Amino acid sequence: MQLELENKTVLVTGASRGIGRDIAAAFAGAGALVYSGCRSKESFDELAAANLNPVMLDVTSQPDFAGVIQSIVQKHGRLDVLVNNAGVASNTPASSLKPEEVDRLIDTNFKGVFYGMQAYYKAQRKSGGIIVNVASILGLVGTPLASVYCGTKGAVVQMTRALAVEWANSGFRVNAVAPGFIDTDMTEVMKKRDSILTAVLNNIPVKRMGTPRDIAGPVLFLASSLADYMTGHILVVDGGLTAQ
Ligand code: NAI
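First residue of the sequence shown? That's 0 in numbering that gives the first Met the number 0, and the numbers climb one at a time after it.
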């Protein structure tokens with residue numbers, strides 16, 4: 000059995016670093032033609048140097064997202080896989096969250112994922128497609144200091160299920176991964192505080208944080224023909240954290 004991702008066209012959002020970067024590199028390693036979404040010239044140049052085909056894309060701009068998808072479809076005939084990875088977090092008590100921060104979380108994590116999926120569906124409603132969203136275990140369980148982040152990731156989980164059902168007849172598979180604690184810039188704040196890091200690690204059955212590579216594998220699996228009969232699934236990748 001093979002992944003069968005050779006020559007597939009793939010768009011990964013938020014691919015300049017962290018989980019998205021490893022997802023893009025893993026698709027390229029599997030022979031796919033990957034487009035790596037990024038937002039700065041520095042990231043663009045860096046991704047170009049790594050042969051990861053950069054494309055400027057801020058997911059909070061619905062017209063830009065639709066434009067990027069349309070241009071890939073025009074160029075290659077189709078976009079085989081969309082990976083909605085871009086996301087932002089916050090580490091703030093609910094009582095102190097400012098409206099700008101709430102908007103930033105919702106615009107990126109919730110609307111950014113929805114408008115990406117909508118644009119992809121509109122571009123390929125006749126031929127179908129494969130969507131893999133990067134949700135979070137915090138879309139499934141609660142934790143302090145992450146109220147709106149948890150809300151947006153819960154929304155990603157539910158949009159994944161709802162659109163898997165709504166678009167199944169159009170040949171779309173829509174799945175998500177739900178990572179646990181992964182070693183990226185997003186978890187830097189937590190890693191800087193020894194007491195918090197120790198408590199988190201003690202609570203993870205495999206006793207380590209995940210790496211971006213730990214997430215890339217399951218994303219490729221969901222995007223591959225090995226997962227042809229899977230849709231509406233939330234694949235938890237958390238070292239056993241939420242199995243307890
Ligand atoms: P990161 O902070 O290293 O990377 C986030 C990426 O998203 C960056 O490339 C950033 O430029 C991009 N991004 C942010 N806003 C964007 C926008 N408006 N448009 C386009 N790109 C944008 O974080 P990490 O950890 O790699 O996160 C990737 C995804 O994984 C996020 O959706 C995050 O919520 C999710 N996740 C991360 C976990 C972790 O422990 N690191 C756990 C569970 C989920």
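A virtual CB, placed ideally from N, CA and C, is assigned to each residue, including glycine.
The model shown is predicted, which means the values in this text are computed figures rather than measured ones.
How would you write the range of the alpha helix (DSSP H) that residue i sits in, first residue to last?
{"i": "L196", "result": "D193 to N202"}
{"i": "V205", "result": "Note, V205: premise wrong, no alpha helix (DSSP H); not H, not E."}
{"i": "A177", "result": "No alpha helix (DSSP H) contains A177, which is instead part of the beta strand (DSSP E) from F171 to P178."}
{"i": "I71", "result": "Q61 to H75"}
{"i": "T159", "result": "S146 to E165"}
{"i": "L104", "result": "P98 to L104"}
{"i": "S42", "result": "K40 to A48"}
For residue i versus residue j, is the C-beta distance shorter than 8 Å?
{"i": "L4", "j": "S223", "result": "yes"}
{"i": "T159", "j": "I68", "result": "no"}
{"i": "D79", "j": "K152", "result": "no"}
{"i": "D184", "j": "R16", "result": "yes"}
{"i": "V54", "j": "G36", "result": "yes"}
{"i": "L162", "j": "M229", "result": "no"}
{"i": "I136", "j": "I18", "result": "no"}
{"i": "V72", "j": "N52", "result": "no"}
{"i": "G238", "j": "P217", "result": "no"}
{"i": "V266", "j": "A122", "result": "This structure gives no information on residue 266, because the portion of the chain shown stretches from 0 to 243."}
{"i": "Y148", "j": "L104", "result": "yes"}
{"i": "L221", "j": "M0", "result": "no"}
{"i": "T247", "j": "K110", "result": "Limits of the chain in this structure are 0 at one end and 243 at the other, which puts residue 247 out of reach."}
Over what stretch of residues does the beta strand (DSSP E) that includes residue i continue unbroken?
{"i": "R124", "result": "Looking at the DSSP string, R124 is not in any beta strand (DSSP E), and its letter there is neither H nor E."}
{"i": "F26", "result": "That residue, F26, is in no beta strand (DSSP E); its alpha helix (DSSP H) goes G17 to G28."}
{"i": "P268", "result": "Examination of residue 268 is not possible in this model, given that the chain is present from 0 through 243 alone."}
{"i": "L234", "result": "I233 to V236"}
{"i": "V80", "result": "V80 to N83"}
{"i": "T8", "result": "T8 to V11"}
{"i": "G36", "result": "L32 to C37"}
Compute the minimum distance between the beta carbon of residue i and the heavy atoms of ligand 1, and state whether it is under 7 Å.
{"i": "V131", "result": "no"}
{"i": "I71", "result": "no"}
{"i": "T8", "result": "no"}
{"i": "V87", "result": "yes"}
{"i": "V67", "result": "no"}
{"i": "I105", "result": "no"}
{"i": "G111", "result": "yes"}
{"i": "D57", "result": "yes"}
{"i": "P15", "result": "The question names Pro, but residue 15 in the sequence shown is Ser. True, at least one ligand heavy atom lies under 7 Å from that Cβ."}
{"i": "P217", "result": "no"}
{"i": "R207", "result": "no"}
{"i": "I18", "result": "yes"}
{"i": "S135", "result": "yes"}
{"i": "N84", "result": "yes"}
{"i": "D247", "result": "Residue 247 lies beyond the residue range present for the chain, which begins at 0 and ends at 243; the question has no answer from this structure."}
{"i": "F26", "result": "no"}
{"i": "M185", "result": "yes"}
{"i": "I195", "result": "no"}
{"i": "P150", "result": "Correcting the residue identity first, residue 150 is Gly in this sequence and not Pro. Every heavy atom of ligand 1 is 7 Å or more from the Cβ of G150, so no."}
{"i": "P178", "result": "yes"}
{"i": "R38", "result": "yes"}
{"i": "T12", "result": "yes"}
Count Cβ pairs between the segment 120–128 and the segment 164–179 that sit closer than 8 Å; are there 3 or more?
yes
Would you call the segment 135–146 and the segment 85–100 in contact, with 3 or more CB pairs under 8 Å?
yes
Under 8 Å, with one C-beta from each stretch per pair, do the segment 41–51 and the segment 227–243 reach the 3-pair mark?
no
Should the segment 210–227 be called in touch with the segment 18–31, which here means at least 3 C-beta pairs below 8 Å?
yes
Does the structure place the segment 73–87 close enough to the segment 11–20 that three or more beta carbon pairs sit under 8 Å?
yes
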